[in-house]
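Engineer:
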Amino acid sequence: MTTLAGFPQPTHFKGKELPTILSSLFLVDNGHTLDVARKHGAYATIGPMLFEKSQFELIELVKDSGLRGRGGAGFPTGMKWSFVPRNSGKPVYLVINADEGEPGTFKDRLCMTRDPHKLIEGMIITGYALGVRTAYIYVRGEMLPQIKRLNDAIGEAYAAGLLGENIAGSNYSLDIYVHRGAGAYICGEETGLINSLEGYKGQPRLKPPFPAVSGAFAAPTVVNNVETIMAVPYILQHGAKGYRQWGTEKSPGSKLFSISGDIGKPGVYEVPLGMAYMDFFELAGGVKGELLGCIPGGSSAPVLNAEETKKATMDYESLASLKSMLGSGAVTPFNTDVDPVLYLQTIARFYAHESCGQCTPCREGTGYVDRVLDKVVAGKGRDGDIDLIKDLADSYEWTTICAFAPGAAWPVQSFITKFRSHFDKYLARNPEHAHERELVATRPGAFW
Amino acid sequence: MSDLITINVDGRDVQVPPRVPLIEALRQQAAVETPAFCYHQDLKVAGNCRICLVEIEGPRGFALAISCHQQTAPGLKVRTQISSEKIVKLRKGVMEFLLVNHPLDCPICDKAGECTLQEHYMGQGRHESRLDDAVGKQYKGLADFRFIDAKGAERGGKKIDLGPSIVLDQERCIICTRCVRFMDDVAKSSQLGVAGRGDHAYLTTFPGKPLDHAYDLNTTDICPVGALTGKHFRFQQRVWLLKSVESIDPSDALGANITVEYNNGQVWRLMPRRNPDVNKSWIANRTRMLYQELNRNRLTDALIAAADATLDDAYVAAGKAIAEAKKIAVVASGHLTTEDNAALLALTEKLGAKAEIFGGSWLSVGAPDGIALSGDPVANRKGIELLGIADNLEDLVRRAGEFDVLLVAGNDLWAADAVKAAALHSIPARIALSSWRNATTAAATIAIGIRAWAEVRGTMVNRNGRVQMLNAAPTAPNPALDPAWLVVSRLSAAIGLSLNWAAESDAWRFAVAKVPQFAGVTYRSIGPLGRQIQNAAAAVAAPIAAGV
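Protein chains in written order, with our numbering: chain S, 1 to 448; chain C, 449 to 996.
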């Protein structure tokens, strides 16, 4: 056993063992090679354990396990699989979403670096369950070392007969291709990803039809996150009950959390769902300074203030009750030294830059919010500007094709609601903040 | 429309066709004015402008949906701006976003007056601005075309020459992608695309490549703002000054439906007129440019022995030639209306054994392009065929020696095939009726000016057997010019065989009596969209229509 800078997790916390469903090989030297991975149990499921089960049984198993999508939306995985039409006459595609782009998230990157074989194993199981012949891994363009790791691992698996024709002597065949994206945030949205995979501009598609019916190349397609698929081998091996020993009733299992910000030991941790945020901070070396707030699940997730953070637990339901979300599991606590206005400015700039430019409200709205916020930060804000920003975010929240716009609206709405006094301080910097704004339309000679 | 279904709009049950875009049902059956920028009846749905938002009842209560992508289904419950405050507010939001980065240079914009953005702003906009000069605008466009304006503000590309026919104003563009979809799906030549992301996305062609498709001017019609403008119409007229009449493409046997838009006695532009059974919403650039011919090289009076003459003198001379003729060859024309040809036929019949009528054309026929051209330049070929005039110009060439008068109307035989036409020189008296000065009027002994297609009322029958109307714009370069049928009627009077026709309808009644397929067809029943008189299978094996 060695230690790993990005994975500072101890084996136990408060006397309880922490799960290693996903991270079992993270600390193993050369765990990314087939030989070492096999010694530690990789591909144990690829054999009678898998091929003696029917597709229906496998989907039911995943449904029973309560596994939910780990990319951000938390959609039940088994249910997503069950939407794939049988005998549509078209091939079914499995696409792994490794376009990890949510600011603050760096778990999939570690998974692909340290344990690519678990992903491949999960893909074989998923592929078998869905009748997939060809699968893709869509990787964020910047992740060059991970792409190399994946390609090396896939090469090893082919050489060992674990991919390609008649996997492990069965009738099942699967090919996996690694597709390199170009780093656009929106290509992590499943239909944007599919467009990009097909060679089109990475812009989300109108739904319906949903990808499960007509996705990549107009064929049924399942898009799953790396972490989701990596949990599948464990579920097959230990059953739904085995998986449910971790986590809560409605949010079973473990999840990888990427924590950064004002924290003692930032990095990736695998913890059971349902753990309190404050416990998690303790596990990760404690918050530096006095906690002001926390983004609980990636920059799209509405921010929590200190009291809410203290109440919150790391599961889908607790955060939903606080009108936030678990998202991708990117936890970012920040202390009283952080200026929430500048924090929001950075986030707003990100969304203005990454909006795909398709739908009017998101295309124009994210940039507009960014520019008004810049004006406020520059000390030129006027009374009403903060309400304007919030109102603009309300306008684009639900009026677009994909979930980018709500993801861009939530931080704006939540930062303003929860840290309003900080924003008002910026307005006060403008000595003329209370002056009524000169309306462009009423200024003489402006246009007519 | 036999199997209508019931949907509920704002608490009101409405009968609508099944599985059509909800926006169509709202606009047509429910009579709810529903705005749209990106939606177009003849293009694929993109769903990006978001202004057509409505609320649809689903399993979890009413949820937002765009009415262009939503299909009608039995029991659908819809809330529009009439019953939902939320929709009113969100549409105002969308309008505000559209205008945030729009230059508002309406006073110098050619689209002003027919701009979708202006229209919907009046209907659905937020009428008090929240814009602040300190926030500024994010003007779209490629760095190469940016400039600093007189007020010191950075501006986007304002007049980018895209190719032979179109100028792009990038900062006016609202990225609705109608033009992109037109080029992709209708023109099938992906010359336009949107580059960049977010509010800095902009419309462009491939670097260094022009937009030069034979149908590209349709993008200027479907552009909801003044981003794409045709070079031929830029800064020519304010659109609200234009008056229009409905007509059809006189240069092609598909007869694409158009409007002729005129002002001050001049035609300024031709626009496509939607006809789902003929040309959808499209016309070829070639068709659109026909108006330029209306003021070019016209025969505004008459020619006698190649010298300018008055119309009255020419009528007298032509009447005399016909009266004294032993044998007259009358040449009908598929470039003229059915009425004009009916007059030629009627005259021939009145002359009895003294006259013989010929038809046909020497112009070559191409292949249909699948959008709005059939490839056959003889627009009314079917019409003269139905009148029973044979395609027998070759006979005329062979038997030219038998005739001493040639009467040719609207058929430029000498330009179409000078070699064959040379045989016709043996006919001593050659009378040509023509709108333009051309090779035939030059070869004629008497040439009489007539009104051109945009200045007459009448019908043509397209190659699929559809009777369509042309209507007259009051733009004849000389008000004394008459349509061909009236000139023929006048000549008949001069020789004492008066047809005595006073209106187009007299000519049409003659045609109806001749052609069984025209039975019961009146100008009123033809209507603006034409009337099919043969079934499509009998007309042409492969139907020609714009395809999406």
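Cβ atoms here follow ideal geometry from the backbone N, Cα and C, with glycine treated the same way. A quick note: this is a predicted structure, and the numbers were derived from the prediction, not measured.
Which residues bound the alpha helix (DSSP H) around ILE147/S?
Structural biologist: Segment 144-159, the alpha helix (DSSP H) holding ILE147/S.
Engineer: Would you give the residue range spanned by the alpha helix (DSSP H) that ILE125/S belongs to?
Structural biologist: 116-130 is the span of the alpha helix (DSSP H), which, as asked, contains ILE125/S.
Engineer: DSSP three-state label for ASP720/C, please.
Structural biologist: One detail in the question is off: residue 720/C reads as Pro in this sequence, not Asp. Reduced to three states, the DSSP call for PRO720/C is strand.
Engineer: List the whole-angstrom C-beta distance separating ASP817/C from ASN926/C, where the pair is believed to meet the contact cut-off of C-beta under 8 Å.
Structural biologist: Not quite, the Cβ-Cβ distance comes to about 36 Å (not below 8 Å), so this is no contact.
Engineer: Given a cut-off of 8 Å, decide if VAL853/C and ALA773/C are closer than it, judged by their beta-carbon atoms.
Structural biologist: Yes, Cβ-Cβ distance for ALA773/C and VAL853/C is below 8 Å.
Engineer: Which residues of the stretch 506-517 of chain C have a Cβ closer than 9 Å to any Cβ of chain S? Give them in chain order.
Structural biologist: Cβ contacts with chain S: ALA511, LEU512, ILE514 and HIS517.
Engineer: What's the C-alpha gap between LEU427/S and TYR368/S?
Structural biologist: So the two alpha carbons sit approximately 18 Å from each other.
Engineer: So which residues of chain S does CYS497/C contact, with C-beta pairs closer than 7 Å?
Structural biologist: THR360, listed in chain order.
Engineer: What is the DSSP secondary structure of GLU772/C, reduced to helix, strand or coil?
Structural biologist: GLU772/C: helix per DSSP, three-state reduction.
Engineer: Output the distance between the C-alpha atoms of MET449/C and LEU474/C, rounded to the nearest integer angstrom.
Structural biologist: With a pLDDT of only 49 at MET449/C, under 50, the local geometry of the prediction cannot be trusted, and the value read off the model is given with reservation. Cα to Cα, the separation comes out at about 16 Å.
Engineer: Just to confirm my understanding: we take LEU423/C, look at its own chain, exclude 5 residues before and 5 after, and list those with CB closer than 6 Å. What are they?
Structural biologist: A question about residue 423/C goes unanswered here, because the residues of chain C that appear run from 449 up to 996.
Engineer: Got a sec, what are the start and stop residues for the beta strand (DSSP E) MET325/S sits in?
Structural biologist: Here MET325/S belongs to no beta strand (DSSP E), and DSSP marks it neither H nor E.
Engineer: Does chain C have any CB closer than 8 Å to the CB of LEU322/S?
Structural biologist: Judged by the 8 Å Cβ criterion, LEU322/S is not in contact with chain C.
Engineer: Mapping the DSSP letters down to three states, classify PHE404/S as helix, strand or coil.
Structural biologist: Note: PHE404/S maps to helix in three-state DSSP.
Engineer: Candidates ASP930/C, THR707/C and HIS661/C: which alpha carbon is nearest ASP788/C's?
Structural biologist: For the residues ASP930/C, THR707/C and HIS661/C, the minimum Cα distance to ASP788/C belongs to ASP930/C.
Engineer: Does MET314/S pass the burial test, meaning 16 or more other C-beta atoms within 10 Å, or should it be called exposed?
Structural biologist: Its Cβ being crowded by 16 or more others within 10 Å, MET314/S is buried.
Engineer: So is ILE401/S in contact with chain C if we call contact Cβ pairs under 8 Å?
Structural biologist: Chain C, which has a Cβ nearer than 8 Å to the Cβ of ILE401/S, makes this yes.
Engineer: In the DSSP assignment, the beta strand (DSSP E) including ALA757/C goes from what residue to what residue?
Structural biologist: That run of the beta strand (DSSP E) goes 755-757.
Engineer: Does the CB of ALA434/S have a neighbour CB from chain C at under 8 Å?
Structural biologist: Chain C contact via Cβ: absent.
Engineer: Check whether chain S comes within 8 Å of ASP558/C, counting only Cβ atoms and requiring the distance to be less than that.
Structural biologist: No, ASP558/C does not count as interfacial toward chain S.
Engineer: In chain C, which residues lie with their C-beta within 9 Å of the C-beta of THR366/S?
Structural biologist: The contacting residues are GLY646 and ASP647.
Engineer: Going by DSSP in three states, VAL693/C sits in which element: helix, strand or coil?
Structural biologist: It is a strand residue.
Engineer: Are the C-beta atoms of CYS356/S and some chain C residue less than 8 Å apart?
Structural biologist: Yes, because at least one Cβ of chain C sits closer than 8 Å to the Cβ of CYS356/S.
Engineer: Looking at the unbroken alpha helix (DSSP H) that takes in CYS627/C, where does it start and where does it end?
Structural biologist: It spans 626-629 - the alpha helix (DSSP H) in which CYS627/C sits, taken as one unbroken run.
Engineer: Using a beta-carbon distance below 8 Å, is ALA582/C in contact with chain S?
Structural biologist: It does; some Cβ of chain S falls within 8 Å.
Engineer: Pull up the distance between the alpha-carbon of TRP810/C and that of LEU861/C, whole angstroms please.
Structural biologist: Those two C-alpha atoms are separated by around 7 Å.
Engineer: So, is the C-beta of ASP749/C closer than 8 Å to a C-beta in chain S?
Structural biologist: ASP749/C does not count as touching chain S.
Engineer: Mapping DSSP to helix, strand and coil, what is CYS434/C?
Structural biologist: Residue 434/C lies beyond the range of chain C shown here (449 to 996); nothing can be said about it.
Engineer: I'd like the ranges of any alpha helix (DSSP H) spanning at least 4 consecutive residues and lying wholly in the stretch 735-823 of chain C.
Structural biologist: Runs found: 759-772 and 786-799.
Engineer: How far does the beta strand (DSSP E) with ILE622/C in it extend, from its first residue to its last?
Structural biologist: No beta strand (DSSP E) holds ILE622/C; DSSP gives it neither H nor E.
Engineer: Does any C-beta atom of chain C lie closer than 8 Å to the C-beta of ILE352/S?
Structural biologist: Per the sequence shown, residue 352/S should be read as Ala rather than Ile. Yes, its Cβ sits closer than 8 Å to a Cβ of chain C.
Engineer: As a quick exercise: from ASP553/C, VAL673/C and TYR650/C, pick the residue whose alpha carbon is nearest that of LEU590/C.
Structural biologist: Closest by alpha carbon: TYR650/C.
Engineer: If we define contact as Cβ-Cβ less than 8 Å, is LEU206/S a contact residue for chain D?
Structural biologist: In summary, chain D is missing from the structure at hand, where the protein chains are S and C.
Engineer: Does the beta-carbon distance from SER254/S to VAL271/S come in below 8 Å?
Structural biologist: Yes, they are a contact pair.
Engineer: Got a sec: is the Cβ-Cβ distance from THR740/C to anything in chain S below 8 Å?
Structural biologist: In the sequence as presented, Thr is not what sits at residue 740/C; that position holds Gln. No - not a single Cβ of chain S is within 8 Å of the one on GLN740/C.
Engineer: Where does PRO991/C sit, in a helix, a strand or coil, going by DSSP?
Structural biologist: Confidence at PRO991/C is low in this model, with a pLDDT of 41, below 50, so its placement is unreliable and no value can be given for it.
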